[in-house]
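Trainee: Input: one structure, supplied below.
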Amino acid sequence: DPEWCVSEDQQAANMERLAYLVRTQYTFVNAVFYYHFVGFERDPKDSEDFFGLVHADFTPKPGFYALRRITGAG
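Start counting the sequence shown at 1; every next residue gets the next number (the numbering used here).
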């Protein structure tokens, strides 16, 4: 990941924090949408290319596993 991107571990921690806040503080939230499932990882100058829950080759990032824990899936 480029140095200016949020680390994969921080991405997972952010997701878990969001889930906690939604469950405990923001009960009016009915849905949360994640921007990208796949990080295309083609252009190191484009931060959006690294937003995904999985890498371009579909290997999971820590955020993917965090989402599984949060939702109870899998």
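Backbone N, C-alpha and C fix where the C-beta goes; we use that ideal spot for every residue, glycine too.
1. Quick check: A19 and G63, are their CB atoms within less than 7 Å of each other?
2. Against chain D, does T24 count as a neighbour if the rule is that its beta carbon must be under 7 Å from one of theirs?
3. Thinking Y26 and F51 are a contact (beta carbons under 8 Å), I'd like their distance in whole angstroms, please.
4. Considering only residues of the same chain and omitting the five flanking positions on each side of H55, which have a CB-CB separation below 7 Å?
5. Just to confirm before moving on: does the CB-CB distance between F37 and L53 stay below 7 Å?
6. Count the other CB atoms, across all protein chains shown, that sit within 10 Å of the CB of D89; report buried if there are 16 or more and exposed otherwise.
Mentor: Quick look at the numbers:
1. no
2. The question asks about chain D, but that chain is absent: this structure has only one protein chain.
3. So it is not a contact: roughly 22 Å between Cβ atoms.
4. G39, E41 and K61
5. Going by C-beta atoms, F37 is nearer than 7 Å to L53.
6. Outside the shown range of the chain, which is 1 to 74, sits residue 89, and nothing can be said about it.
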